[in-house]
Every structure is written in C-alpha cells, then in structure tokens.
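What follows is a single structure, written as structure tokens, with notes after it.
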Amino acid sequence: QVVSRAQAEGVHLTPRQLFQEQTVAELARVAQHESLVQAEQGLVTGDLPLTPIQHWFFARYQQNPHHFNQSALLPLEQGIEPELLLQAVRLLLAHHDGLRLRFSPSQQGWQQHLGGQAPELALRYFADHTQCTLHSEDIVSVFNLSSVAEPQRALAAINQKLQASLNISAGPLMRLAVIQMGPGQVDLLLWVIHHLAVDLVSWRLLIPDLWTVYQQLAQGQIPQLAAKSSSLKAWATWLNDYAQEEALQAELAYWRKVSEQVRPLPIDKPAEGAQATVASSANVQVSLTEAETHALLQDVPAIYHTQINDVLLTALALAFMEWTGDQRLVLDLEGHGRESLSDTLDLSRTVGWFTAIYPVCLQLPEAGRGGLGLGEALKSIKEQLRQIPNKGIGYGLLRYLNESSAAQLSSLPQAQVTFNYGGQFKAGPMQSLGGDLAGEQPLSHLIEINGAIADGQLSLQWSYSKTLFHVQTIERLAHRFISSLQELIAHCQLPESGGYTPSDFPLLDLNQIQLDNLVGRGENIAQIYPLSPMQGGMLFHTLYTPNDGAYFEQLSFHLFGLLDVARFQQAWQKVLDRHAALRTGFVWQKVDAPLQIVYQHLTFPWDIQD
C-alpha cells in the first residue's frame, strides 16, 4: 500500500527498498521521480500461463471451480447512483486486466486468457429478490429491500445468489449488487470476485480505485487512476521462464527435505471415507487483548530482533507439541507472493491472486534440565524461518512450473495445517456475509489458521472439519496457542531476556553458541563484520609489532581564543555518534577469524589536563 500510494504521488519505490531503508531520510535517497519499470498502460490481452497458485487451485477444486470467491460488503453512507457505478466498473475492468480473466479446460489442463473490454455489461434492477435471474452481462444489480419483512434473510439470499453465479469460463468473474435497505437505513454494496482474480492486496487496490473513479464521474471529471504496474501476463510469463533456470534447482533439496518430514495429525474421528468439506467446517476464534497486542508489536521485536511471524510460529509450535507430543511441526505458510525477484517487474498495483503457499518445518530445540527455554525456542524458530529461500516463492515454481522437479515434489506428503498472518489493518466498514466457497468444496487443510490485527487487537480464526475433530480439541489447541503467545510476550519483557542470532549478521560464519559467547545478550551491539583484507593486514602487523606505531595517526592543534569546553565535548560526541567507524572495536581472540564490532553507543573519551 505504501508503494502504491507513493507512486500515485509521483514517488517511485520498490517493496525491497521499503524494507531495506528503514527511515524516511534513507528512502528519500533511493526514491525516483520516474518508474524504472515500463508497464503496458493499455488493455493487456491474450493467453498466459498459469501461475503456481492457480495450478494449486485447479489440482484441488475440480468439482465446482466456479464457486471459490472472496467478497466484501460495504456501507454506502452517501448513497450511490447505479448508472454511475456501472460506468465506474467498466473503467475498473479496463484498468485492472486480472478482472477480465477467463479459464478453459483442455487436454493439457486448464488454460487462462485475458479478454478485451466487454461492451455488453449491463445494469439490472430487481424488485423481487426471490424472482431474479442473473445473466452473464449483469455485472451490477440493484435490489430493493425496503418492503421486505426480513431484510437480513433477503440479504443472505442475495449473497448466496451472487456467490453461486460466477463462471470462470463464460464469465463474469465478479458481480456487484446495490442493496437498497429502505428509509432510515444505510444502503449496502455487495461485491463478489472469484479468488482466481483477486487476493487481499488486490482488494486494497480495488476498493479505493472504485470510489476514486465513481467520485470523478459524479463530479464530471475525466476519470483517471494511477499508472498501471506490470501486468499479470508479464508476471506469469516471467515466473514460467524463471522456473526453468538452473539456479532455482538448488532449492529442490531443501523443499524435498521439508516435505519428507510431514507427519499426520491425530484425528479424533478416523472414520473411513470421512470428507473434510466446507459444509462440515467450523471455526474457533481466539484473540489477545489490546495491551498484549501492543506489547507484541512494540516491545517484543527488539528483544530478539524478531518479526511478528517468528513469535506467532514459535507459539504455534509450542501449542502443537503439547497436543501431538512431537517437537516437529510441518505446516504450509501463506505469503503475499509479490516478491521482488526481478528489477523489470513491479506488482504494486497489479490485481490478481499472487499468494505463495510453501511448506515449513518448525523444529523446537531439545529441552535442557530446566525445561525448554522460551528464548531458545524463539531464537531457534527465527533462524529456521530465515533459512527459507526467497521467502518460499520457489516452492510453487518447482512444484508446478518445472516438469522434472514437479514429479519429485508431487509424490511427497502434503502438510495438513496452514497458517496465514494477514498483517495490520483498521477494521473499517469492509465486512463479508460468508458463503464464499461452495459447500461441497474440500478443505485445503485439516486445520487452517488465519490471523490479523484489526483496530489494535490480534485475532485468529481456527477452521477445521467437524467430521474429523471434536470442537474441544481445537478449542484446547487454540487456547494453548494464546497461552504460549502470552508466555513469550511476558518472557520478552524480563530484563534478562534478549540476544542475537546468526542471521542478524549475514556476513559472519558463526553458530548460535559462538555468537552467544562473543556478544552475550548484545545490548550495545549495532553490527558485526569480518575484516577487510587491508584491515586484516594492519591488525596482524599491529599485533606482531605492538610498539611499531606504523598505523597510529595523531593530529595536534593549538586553539586560540575562548573555548567552550562543554560544547566542544558535545561536538565530538556528535561526531562519534554519527560515524560508525569511530565506534568500532576489533576482536581476534577465541574466534576463528578476526571480527570488527560496531557498538550502538560509546562515550567519547575526554581528558582535561589543565
């Protein structure tokens, strides 16, 4: 969102730069006034290869692939003109190519095609929601519920109608319905899009774009949106080419090893032929308090230099270990999939389904005499997550887009648990009525965990099949996860907690024990580097001939006039604070090779002789 909004103001950044440069000043140095990526601004049409997540979808949902959606229910506080809405939708379809996708089965499997702008889109009014037939061109519908006795039941029926009306082959892949609730009530906009064309990041683009274009039309302006980023077609083509590169094959052994460690979950109801379907699913909701969430976001990360997923997944591994008795948990993680793998691509304003799903093995360390330390567990899981190559995007490429590696990975067991942390957002007006998936659809995993922070509070939804698990089992597991998370937060608030892990110093070749021996908790450590060849030579000669003084530089000054000693001292302290090289010390004992340590803060040594 930051990258997209910056581009709308003419400031061009990449997601990679946003994470590498941690301050506004640093970002200002790398920002560009012109995009380095030249994206097609007109209609993008034609055939394009399937992406890994699309292959994943068609491998699982053959029975009714048309009903697998995402939806939003938005309040229309200011009302809306349906005719203007239809015009806005037409412009949105022209701008966001992914909304015009069509899919067709063939002997080689499913194929996808980007169509041109559909001129036959229509607006249809329905006075009776029970007697409505939606045609393929009815992209926007209007339902009047002002005289309906049970409007909520009618709303649910309309939602069900729209959800079941999409068709990935004939179209459309999305529909919108204006729900007129009657006098004194706020009208609603129901927006349903097939998941093959949208993901959470896409919604954060589409909803503001729809309102922007609608307002421009309402004010008589020429509609204009921010420039398009790289097309879905360019991304899919690039992925399929990249999947054939030899460099990617280096990841295959890693992904094989992870998948080979999958173990089945202990099912409560192991009935033969039992099916885990959407219709059989149920949910358990758990959450932290706002104070605990604030501590998780503000207090915890600096202690072990972690990201939120490190802490969440450590708590998850601890909860599952208590349930299964296994220190190892293999699960599928979901990422946004919009990784900056190529400088020629920019996906900041591209609509589509980009999610990357990849397996991760979480291995808790062996417990010591005093039991399993929370700090050791957190550091261990953090390091395991840092070892995932390219944030997991390579797994899908090897699993679905490369013929030789696909044969190997497809034969291995699949994880039965999936976890997705969706980030932070304001709850706002966006809601959902449910019904996004057809009841006969199989569940992708036996246990699915989705978490997010809304309005300052972390909540997690645990979805499972009632045909396989008792609700008490999932409730115990979910609440044990929250307890583990609370224990980790409390541990990180202890004064004796903290420390670095090897991934914090990527230029070094140290294990955790060596690093702990070197810096302990590392409260005053900014960075550690190996020595350059010149530094190594200078250190060797200094140690070999300590009294030589060949590398000792000294300047002496005579200052005339009145000297403010306090300010002079403050000025030198500022110099020390600004230049990391002046805060650097060298270590050569008890290490395999000499190292230089940059300290966060040092007090300037000051000596007054008079």
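Each residue of the sequence shown is one higher than the one before, counting from 2 in the working numbering.
We put the beta carbon where it would ideally sit given N, CA and C, even for glycine.
Since this is a predicted model, take the numbers as computed values, not measurements.
field: Proximity to Ala227 [Cα-Cα], best of Gly43, Ser464, Met539, Gly500
entry: Gly43
message: Rounded to the nearest angstrom, what separates Phe420 and Leu332 at their Cα positions?
response: 7 Å
Cβ shell of Pro531 (< 7 Å), same chain only, five flanking positions each side left out: Leu508, Leu509, Ala594, Leu596
field: Alpha carbon of Asp210 to alpha carbon of Leu93, nearest angstrom
entry: 8 Å
message: According to DSSP, is Asn1 part of a helix, a strand, or is it coil?
response: Absent from the model: residue 1. The displayed extent of the chain is 2 to 611, so no value can be given.
- prompt: For the alpha helix (DSSP H) that contains Asp210, what are its first and last residues?
  reply: 201 to 219
For Gln222 and Phe127, the rounded distance between their alpha carbons: 30 Å
query: What are the start and end residues of the beta strand (DSSP E) that includes Glu175?
result: The residue asked about is misnamed: residue 175 is Met in this sequence, not Glu. It spans 175 to 181 - the beta strand (DSSP E) in which Met175 sits, taken as one unbroken run.
message: If you follow the beta strand (DSSP E) that Tyr126 is in, where does it begin and where does it stop?
response: 123 to 127
message: Once DSSP output is grouped into helix, strand and coil, what is the label at Thr414?
response: Per the sequence presented here, residue 414 reads as Pro, with Thr not at that position. Three-state DSSP puts Pro414 in coil, outside helix and strand.
- prompt: Are the CB atoms of Leu174 and Leu163 nearer to each other than 7 Å?
  reply: no
Spatial distance of Thr134 from Leu86 (CA atoms): 20 Å
- prompt: Do you know how far the Cα of Val187 is from the Cα of His337?
  reply: 33 Å
query: Are Val90 and Ile159 close, meaning C-beta to C-beta below 7 Å?
result: no
message: On the criterion of 16 or more Cβ atoms from any shown chain inside 10 Å, does Trp589 qualify as buried, or is it exposed?
response: exposed
query: What are the boundary residues of the alpha helix (DSSP H) that includes Val576?
result: 566 to 579
query: Among the residues of its own chain, which have a CB less than 7 Å from the CB of Glu340, if the five just before and after it don't count?
result: Asn391, Lys392, Ile394
- prompt: Glu497: which of Arg522, Asp517, Gln262 sits nearest, CA to CA?
  reply: Arg522
query: Between Leu115 and the rest of its own chain, which residues show a CB-CB distance below 7 Å, the 5 nearest in sequence each way excluded?
result: Val45, Thr46, Gly47, Leu49, Asp98, Arg101, Leu102, Lys234
- prompt: Among Pro414, His195, Glu554, which one has its Cα closest to the Cα of Ser170?
  reply: His195
task: Starting from the N-terminal side, write out each stretch of the beta strand (DSSP E) that is 3 residues or longer and does not extend beyond the segment 397 to 476.
output: 418 to 426, 448 to 455, 458 to 466
- prompt: Which stretch, first to last residue, makes up the alpha helix (DSSP H) that contains Thr543?
  reply: 534 to 545
- request: Let me know the secondary structure DSSP gives Leu317 once reduced to three states.
  value: helix
message: I need the boundaries of the beta strand (DSSP E) containing Pro302, first residue and last residue.
response: Run containing Pro302: none in the beta strand (DSSP E); it sits in the alpha helix (DSSP H), 302 to 305.
task: Return the CA-CA distance between Glu488 and Thr315, expressed in angstroms with no decimal places.
output: 11 Å
task: Could you tell me the boundaries of the beta strand (DSSP E) in which Pro360 lies?
output: 357 to 364
query: By Cβ distance, which residues of its chain are closer than 6 Å to Ala40, with the 5 residues on each side in sequence left out?
result: Lys229, Ser230, Ser231
message: On a Cα-Cα basis, can you pick out the residue from Val179, Leu124, Asp200 that is closest to Asp437?
response: Asp200
task: Out of Ile208, His67, Gly586, Asp129, point me to the one whose CA is closest to Gly540's CA.
output: The question names Gly, but residue 540 in the sequence shown is Leu. Checked all of Ile208, His67, Gly586, Asp129; the closest Cα to Leu540 is Gly586.
task: Note down the Cα distance separating Asp608 from His559, rounded to an integer number of angstroms.
output: 16 Å
Meets three-Cβ-pair contact criterion under 8 Å: the segment 254 to 271 and the segment 455 to 462: no
task: Take Phe69 and list the residues in its own chain whose beta-carbon comes closer than 8 Å to its own, dropping the five residues that flank it on each side.
output: Phe58, Tyr62, His195, His196, Leu197, Asp437, Leu438, Ala439, Gln442
message: Let me make sure I understand the geometry here. Which of Ile450, Glu554, Leu365 has the alpha-carbon closest to that of Glu323?
response: Leu365
task: Work out the CA separation of Leu240 and Asp344 for me, nearest whole Å.
output: 13 Å
CA nearest to the CA of Glu291, picked from Ala527, Tyr501, Ile490: Ile490
Endpoints, the beta strand (DSSP E) within which Asp48 is located: 47 to 49
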